[in-house]
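At position 19 of the sequence shown (counting the first as 1) the number is 6 in the working numbering, and the numbers step up by one without a gap. Where is the CB? At the ideal position from N, CA and C, for every residue including glycine. Since the model is a prediction, treat every value here as computed from it, not as a measurement.
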Amino acid sequence: MDRREFLANTAALIPVVTAAQTPSLRDRVLGAWRIRDAETVNMTTGTTRPWLGRPRPYSGMIVYLPNGLMSVQIGAARTAARASAGFGTLTAEEKTTYADTWYAYYGRFEIDEAESKVRHFIEGSLFAFETGMTLVRTVRLVDGVLTLRTVDLLKGPDGETFNQLTWTRI
-12 MDRREFLANT
-2 AALIPVVTAA
8 QTPSLRDRVL
18 GAWRIRDAET
28 VNMTTGTTRP
38 WLGRPRPYSG
48 MIVYLPNGLM
58 SVQIGAARTA
68 ARASAGFGTL
78 TAEEKTTYAD
88 TWYAYYGRFE
98 IDEAESKVRH
108 FIEGSLFAFE
118 TGMTLVRTVR
128 LVDGVLTLRT
138 VDLLKGPDGE
148 TFNQLTWTRI
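Written out as structure tokens, the structure reads:
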């Protein structure tokens, strides 16, 4: 093999080596993420509003583990609990108020690399009706910000909407 042939063969391998070194979307999503913002976007009007009408600021995190398990918890702004509050001492109205500002579920997840989507297979949820469901989100990861967007559109009186949540790595 002469020098030109060697260089040509070596140059041809560079894209293969580079592609092999690029982490998969799954690998880049693994870990713990803190919520940055959440909004509901109206596809008809283009307007946005706070996520599901819940007040900002939001707190919470989503975790994707290497073994395929995930968990998410999101809290909206809420009034402070009274000083003597404990779960057993809250009134039914107080419990409802607090539950309405919280969202949480856990289960397994799969990443579809080709479509840049994640599927959450819900094994347990604050809302029992979600248990057993599969929620699909588009995934975008740019400059350390993870964006998850609902795929199924919600139909309302003013048009179809989707939810978009952004996260930063913890």
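Check	Outcome
Backbone CA spacing between leucine 56 and alanine 115 [nearest angstrom]	19 angstroms
Beta-carbon proximity of tryptophan 38 to alanine 25, cut-off 9 angstroms	yes
As assigned by DSSP and simplified to three states, the class of threonine 83	helix
Opposing strand residues paired with proline 37 [DSSP bridges]	Glu26
Beta bridge counterpart(s) of glutamine 60 as assigned by DSSP	Met48, Ala91
C-beta neighbour in chain C for threonine 125, strict 9 angstroms	Looking for chain C here will not work: only one protein chain is present.
Own chain, CB closer than 7 angstroms to aspartate 87, minus 5 neighbours either side, in chain order	none
Three-state secondary structure assigned by DSSP to aspartate 99	strand
With 16 other Cβ atoms within 10 Å as the buried cut-off, status of valine 129	exposed
The alpha helix (DSSP H) enclosing arginine 15, as first and last residue numbers	12 to 16
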